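So the structure is just underneath, and the comments pick up after that.
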Amino acid sequence: MIKTIKAHMRMEEEYEGLSLIFGCNEALKQKILDAIDHAKGVTSKKPFIFEKISKDRPDIQSIYIEFHDGFHAEAGDFFEHVLHELGIKCEEDTI
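To get this note's numbering, take the position in the sequence shown, counting from 1, and add 8.
This is the structure in structure tokens:
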């Protein structure tokens, strides 16, 4: 079981996303959701948020936070708040 959250960021022309991998650890999942709620309150931003659940690969279960259509400046601020609240940094091998 995963004991720490792993973060990966992906940026394209009209898209910026942050994946937060929690495995099947429900306590980490709740910590992520709480950090997202906190960032929403601080920034007043409303990104797309969805879960990736895999019965076959519980090690890749994650929550994705996405901004589309040129909201990159907003995304960076939001992502910084989430990462700070979680006390983590993005993995070096960002995608």
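The C-beta atom is built at its ideal place from N, Cα and C for all residues, glycine as well. Quick caveat: nothing in here was measured; it's all calculated off a predicted structure.
- In the displayed model, Phe75 falls within a strand according to three-state DSSP.
- Taking a cut-off of 8 Å on C-beta distances, the segment 77–97 touches the segment 41–48, as three or more cross pairs fall below it.
- By the Cβ-count criterion, Gln69 is buried, with 16 or more other Cβ atoms from all chains shown falling within 10 Å of its own Cβ.
- Rounded to the nearest whole angstrom, the C-alpha separation of Phe30 and Cys98 is 14 Å.
- Ranked by how close their Cα comes to the Cα of Ser62, the residues Asp77, Lys11, Pro55, Ile71 have Ile71 in first place.
- Around the beta carbon of Phe56, fewer than 16 other beta carbons sit within 10 angstroms, so the residue counts as exposed.
- Between Glu24 and Phe75, the CB-CB gap stays under 8 Å.
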